[in-house]
Every structure is written in C-alpha cells, then in structure tokens.
Amino acid sequence: MIDEQMAVFIGSGLRLAVPIIFAATGEMLSERAGVLNLSLDGMMLMSAFTAALASWATGSPLIGVAAGVLVATALAAVQAVLSVTLRANQLVVGIGFNILALGSTTFLYREIFGPLSRDPIPGFAQLNLPWLAHIPVIGPALANQTGLAYVSILMVVVTWLILKYTSFGLAVRAVGEDPRAADKAGISVAKTRYLGVLYAGILAGLGGAFMSVADSNTFTENMTKGAGYLAITAVIFGGWNPWYTLAACLLFGFATALQFLVPALQLDVPVALLLLLPYLLALVAIAGFVGKSRQPSALTIPFERGG
Amino acid sequence: MVMKNPKLARVAQGARLELVPLQVVVPVVSTIIALGIGLVIIAATGASVVEAIEAFWDGMAGSDFNIGASINRAISLALVGLGFIFASRANLTNVGGEGQIAMGGMFATAAALHGAGGLPLGLAFIVPLAVGTLAGAVWGGLAGVLKAARGTNEVISTLLLSFIALPLVYWSVESFHLLRKPISDVSSLPESAEIPDSTKLPLLFPDNGSPLHIGLLIAAIAVVVVWLVLRHSSLGLRLRAVGLNAMASRRAGMRTSFYVILAMTVSGGLGGLGGAIMILGQQFYLTSDFSSGYGFDGLVVGLLSRGSAVGVVIGALLFGFLRSGSINMEISAQVPSAVVLICQGLIVIIIAGSAILTNRKVTR
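If you're matching them up, the sequences are chains X and G in order. The opening residue of the first sequence carries number 1 in my numbering; numbering runs sequentially from there. The opening residue of the second sequence carries number 308 in my numbering; numbering runs sequentially from there.
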C-alpha cells in the first residue's frame, strides 16, 4: 500500500518536474548570456496551447510539439528584439508577455474549443522501459514516462556540454560576465544573446508542450500555473549550474507532488500549505539561505556599444 | 558602460522633448494601438463589433450602478498603482500587488468578522481597513527586508510572495477553524461569512442606487499624499537618490536599507488597503480568488503612469471601466473578456519597447 503510493508520488513528482527542467535548463543558458526571460511562463503557456491545438487538429502529438516549440521560439524572438536590440526592461517585457499569453490562450481556447470542452487531445504513450522498471522503489516511476520526459534529461546534458565544451558556450559565459570585454575580443554580444533567448524559447516550448500533449492530454486555461516562475527560481536556486538547477527542478516537482501524497496517507495537512510549499522553498532559496551563489555579472543589463 | 550623468541626461531630454512630451504620447499611443488590435480581434471572431462595443459601453457606464461599480474597481487599481510608483521612485519594481491585495483583503475580512463590527464612530470599518493595510505592508515590507539584508531581487521575491499569499487565502476560506462560514442548508461554498453591515464602507450616494463608496475619498487622499511625498518632500528626494545610486547615497550618510524597506512597506500597504477596500466596499465576503487579476491590472496602471500620481488616476479609471465593460461584453455579446487581457499585455510590451525613445539612459 505504502509502496504503491510512493511509486505514484515519485511518478507524479517526476512528471511535474519535467516541464520545469526543460524551461529552467534553457533559461539558465540565456541568463548565463545576460538575458532574463520573465516571459518563460508565457512561452510555456503559448506552447502548451499550440501543441494541444495542433495535436488535436492533426492527430499527431509530434506535430503538436513541433508547433508548440515554433510558437514559443517566435515569442522568444520578439522578446529578444525588445530585450537585446531595443534594450527594454527585461522584467517588464516579460510580465507583458505573460499577460498577453494568458489573454490570448484563454481567448483562443474559448473561441476554438468552447468554454467547457473536454475533448481529449492525442498525446504520447508511455514507454514502459522494462530494464528501468526492475530498479527497486523508483523503477516503475522512472519507466512509466513518455519519451519527452527522457528528452528533458538529455537537454540538461546537451546544455552542460554546450556551456562547457563549445566556443558558443564560451561566448555565452563571456557575454554574461563582461560584455564589453567580449565585444572587444570580437564576440558579437547581440548575436550571442539572441541565440541564448531563442534557446530558452525552444526549451520552454518543449516544457509547455509536455504539459498538454504528454502529461495531461488536455489544455486548461492558465495551465502552467506559474511553472515558468518556478523554473526561473530553480535557475537561481541552482546557482546557474545545469546539474544543481536540475536538482532544484526535481525538488520543486516533488514538493508539488506532495499535495497528492499527503491526503493519500491520510495526514491532516492543509492542501493550501502544500500548494505554497514550492514557492516558499524558492523564496528561502533566493534569499540566499541555502548557500550563496553569484549571478552572471551582466544579468538583465542591456549592452550598448561604445556607450 | 560609461554611466551618463542622469541629471544631465534628464535636462537634455527635457530640452529635446519640450514640444512633444513623449512621456504622455507613448502611453496614449500604445493604449490606442492595443485597443485597436482588440477591436480587430473582436471583429475576427465574427461577433458584431457594434454589438460588442454597445455591450462594452453599457457595462462601463450604462447606468448609475455600472458607473459606480467601474469607479469602485478603479479605486483598488489606483491604490495598487500608487504603491507601484512609490516603490519605483526608489528604483524598486513591486510586481507583487496581487499578493498584497490578497493579504489585505484576508486580514480585513478577519478583522471585520471578529471584533470590529461593534466598534463605534466608524471605527467598525476603519479598523479593518487599517488591519488590511498593515497586512499588505508586512507582505511588501518582507520583500524590502530581503532586498536590504540579502540583496534578493524584489521582482522575484514579490512574485513568489504572491504565489504564497494566494494559497493562504484559499486555506483561510477552506478551513472552518479560520474564516470559512459554517455549512448551512443554502450554501456550503468555501467562502467567508458576510461581514457585518457596520463594517461595510458607507455609500457616497445611497439614494440613487450607485454602489460608489467612500473608498473614493480614501483613494483621493492617497493620490494627493503620494504625489506630495514623491514630488515635494525630502523623503521623495531621498527615495530617488537611493534608487539612482545606492552607494553615493550611503556615502552621503543615508541609511539606504531603511529607505528600501520603507519604500516596499508603503508600496505593499497601499496594495493591502486596495484589497481591504475591495472586501469592505463591494464584495462583503472573502472568496479564494477575489483578488484575481487586480494585481497585474494595478501593475499595468503603475507602468502606464510613468511615475505620475495623476497618470495613475487616469490609468486606474481606464482599466476600471475596461474591466466592467469586458465583463458585460462577455455576458451580453459573447466576446471573451480575455480580449482585454490581450490589450493589457500589448500595452505593457509596447511601452516597455518604446522606453528607448523616452529614456536613453540604461535602466537597471
């Protein structure tokens, strides 16, 4: 009985963590280049909706994911123009995009699906990898995931490799720490930051699409429920390091999953307290009570040549 | 980046812009563009634009009741907007209006239900207002303390504090030990009992059926006080100095952390007052989502105003009327009210994107 519930808990914790892992991993790279995308939640929401719509229309969740990523990347491109070229306040632009994304997805959802639609959205099947299922306790939870969930871990590895071993990764780090020096060394600050924001858009798109076509097979209004903000917090919590960020995302995922486990174990803890737990953890984390870390020096500061 | 002298930049800017005050043109043009796009979207849904606008107008100002309701909405938005510009005077961005409203409304309800009802001389509603203000002030001040003591970015902390406040309100109306009303034959909804009549804000025009209440006077006083403090007091100057250059202010003998905490506390307090007025003036009982959207609306109002208290009043009225109109448009013309959210998002993005026109110096 307890084992069964633990398996469910671990499974839902992982599923809740996946969208945050995607978004946070992309966001981390963008922030290392000096651009903070507060619009992450909006990108995820737009992608979740577009993926649901495209999957519903074509019957193919794969096309859904592609469409979701495309829209999120387009949003990221506009965000990059505003943040990098027009040097707009990155935080304000981000909030604007989040309001826009909430408004437009709610509007389109009601127009296309109607206010009370329960139409199932074609989604991915779980893989059920037998060799994983044999691991005690966590095995079944690890094995019963969609392919996209494994892609999220792959993206963490890819991002880590990019940052550590490629010239682009070096450029990203240089531009985020000292854009003036990077510029003098012949690195295009604007190009590097554009690519960083687009990378964040692609991964946020994967995270958003995961929510609608891999996790729940439905779209609901404001379905991200602040997951984008959690992802940004995970980056801060993780000290701009891909592996610590991954750990922070898993922590948030499991903290969110507690709201299903605690009532099942018949513990008398108010659900509301479990709902706010991830955010409270995040607040404690960014207040620096859990190890002090240093953010990229040029984070949120626009760069102007020769200024 | 060689820091330009902000004062010189401002003087130069003033000289350049004397004929065309871009600070006014940009918000007005952005609003017009956004509303234009909103109309195009409505037309694209196949709904009758005329019918939609009629329904919109009717909801905004079709009757004394609707006008009063719209202005009542504007009151809370104005208070949140004032809080936003107060913090931004110290170069702090308080995006946690939603949480501050929520805390203000929750504690005002608690005060109104438990104790304040029997107080004489109008204290029955003044005490809950004060308690709500205090709750918002604590919630905002917390972000100030974190900023001053730990260097925590106030944008992230106020956002997270909002995500923490909303479940707390949910908890308070879910639990019978807290504010949830006992289950009766007629209702078992998770909400608080209705507050006593003595704690409701007195109406300004009780005879013509308008719900307009004395919150209008409170908001008017707040507008004047914030305007005086920000523009014509040494406190306003000090807040600005701390915001522009904390290190120089410290060298000049100012306790910068004090001003950071003060700015966030006052900012949060204004949001809390806005939340308290929503409960005591119009809704009369607490529900888990009573603050929904007001925080971001208030934030947009603050952004639109570009730091001017008069701008906050105009923006708050605009959004108060827009919100009333959009609700009626959804009911009578079947156009989703989310259109207004789209317009608001566009307004914020266009204004932020055109900051390069109005503000050459690097912000933040």
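Virtual Cβ for every residue (Gly too), placed ideally from N, Cα, C. For clarity, every value in this text was computed on a predicted model and none was experimentally measured.
7 Å Cβ cutoff, residue i in contact with chain X
i      : result
G:F565 : no
G:A394 : no
G:V462 : yes
G:T572 : no
G:F597 : no
G:T670 : Residue confidence is low: G:T670 scores 42 on pLDDT, short of 50, so the model does not pin down where it sits. No coordinate-derived value is stated.
G:R380 : no
G:L551 : no
G:T459 : yes
G:L384 : no
G:F372 : no
G:L399 : no
G:L674 : Summary: the structure shown does not reach residue 674 of chain G, with chain G confined to residues 308 through 671, and so no result is reported for it.
G:A449 : Correcting the residue type first, residue 449 of chain G is Leu in the shown sequence and not Ala. Cβ-Cβ to chain X under 7 Å: no for G:L449.
G:L453 : yes
G:F414 : no
G:F391 : no
G:I586 : no
G:F603 : yes
Where residue i sits in the DSSP three-state scheme
i      : result
G:H696 : Limits of chain G in this structure are 308 at one end and 671 at the other, which puts residue 696 of chain G out of reach.
G:R487 : strand
X:L266 : Checking the sequence, you will find Gln at residue 266 of chain X rather than Leu. Three-state result, X:Q266: coil.
G:S499 : strand
X:T309 : With chain X covering only 1 through 307, there is no way to say anything about residue 309 of chain X.
G:L523 : helix
G:L430 : helix
X:L250 : helix
X:L36  : coil
X:V299 : Note that residue 299 of chain X is Leu in the sequence shown, not Val. Residue state, collapsed to three classes: coil.
G:L510 : strand
X:Q126 : strand
G:Q589 : helix
G:T572 : helix
X:A182 : helix
G:E405 : helix
G:R396 : helix
G:P328 : coil
G:A322 : Because the pLDDT at G:A322 is just 48, under 50, the model does not fix this residue reliably, and the point stays unresolved.
G:D596 : coil
G:K454 : helix
X:A282 : helix
G:R613 : coil
G:I374 : helix
CB contact below 7 Å: residue i versus chain G
i      : result
X:A287 : yes
X:L283 : yes
X:F168 : no
X:E31  : no
X:T224 : no
X:N37  : no
X:T50  : no
X:I10  : no
Closer than 6 Å: residue i CB and nearest the ligand COA heavy atom
i      : result
X:Y229 : Judged by which ligands are present, the structure shown has none, so any question about the ligand COA falls away.
If contact is defined by three or more beta carbon pairs under 8 Å, each pair taking one atom from either stretch, is the region 190–210 of chain X in contact with the region 171–178 of chain X? yes
Any C-beta of chain G within less than 9 Å: which residues of the region 229–250 of chain X qualify? Y229, L230, I232, T233 and I236
Mind checking the region 330–364 of chain G against chain X and listing, in chain order, the residues whose C-beta falls within less than 8 Å of any C-beta there? I348 and T352
Examine the Cβ distances between the region 407–416 of chain G and the region 578–590 of chain G and report whether three or more of them are shorter than 8 Å. They touch, by the three-pair rule.
Members of the region 641–666 of chain G near chain X, C-beta cut-off 7 Å: P643, A645, V646, L648, I649, Q651, G652, L653, V655, I656, A659, G660, A662 and I663
Got a sec: which bits of the region 254–281 of chain X sit with their beta carbon under 8 Å from any beta carbon on chain G, in order along the chain? P270, V271, A272, L273, L275, L276, Y279 and L280
Please identify, using Cβ separations under 9 Å, the residues of the region 464–498 of chain G that lie next to chain X, in order along the chain. S464, L466, L467, L468, S469, F470, I471, A472, L473, P474, L475, V476, Y477, W478, S479, E481 and S482
Report yes or no: do three or more beta-carbon pairs, one from the region 596–604 of chain G and one from the region 401–412 of chain G, lie closer than 8 Å? Contact between the region 596–604 of chain G and the region 401–412 of chain G is present, because at least three Cβ pairs lie under 8 Å.
Sufficient close CB pairs (3 or more, under 8 Å) joining the region 98–107 of chain X to the region 35–52 of chain X: A contact exists between the region 98–107 of chain X and the region 35–52 of chain X.
Please confirm if the region 263–275 of chain X is in contact with the region 205–219 of chain X, defined as three or more CB-CB distances below 8 Å between the two stretches. Touching, no.
Run through the region 2–90 of chain X for me and flag every whole alpha helix (DSSP H) of 4 or more residues, listed as ranges in chain order. Within the region 2–90 of chain X, the runs of alpha helix (DSSP H) that reach at least 4 residues and sit entirely inside it are, in chain order, 2–32, 40–58 and 61–80.
Continuous beta strand (DSSP E) assignments of at least 3 residues falling wholly in the region 338–371 of chain G: none
Contacting positions in the region 142–158 of chain X - beta carbon closer than 8 Å to chain G: none
Closer than 7 Å, Cβ to any Cβ of chain G: which residues of the region 76–101 of chain X, in chain order? Going along the region 76–101 of chain X in chain order, one finds L82, L86, R87, A88, N89, L91, V92, V93, I95, G96, F97, I99 and L100 with a Cβ nearer than 7 Å to chain G.
Looking at C-beta atoms only, is the number of pairs between the region 163–173 of chain X and the region 84–97 of chain X that lie closer than 8 Å three or more? Short answer: they don't touch.
Curious, which full-length beta strand (DSSP E) runs of at least 3 residues does the region 622–671 of chain G contain? Segments of the beta strand (DSSP E) lying fully in the region 622–671 of chain G: there are none.
Report the residues of the region 101–112 of chain X with a CB closer than 7 Å to any CB of chain G, ordered along the chain. L102, G103, S104, T106, F107, R110 and E111
Between the region 240–256 of chain X and the region 154–163 of chain X, do three or more beta carbon pairs fall short of 8 Å? yes
Between the region 348–366 of chain G and the region 527–542 of chain G, can you find at least three pairs of beta-carbon atoms closer than 8 Å? no
Report yes or no: do the region 24–39 of chain X and the region 64–74 of chain X share at least 3 C-beta pairs separated by less than 8 Å? no
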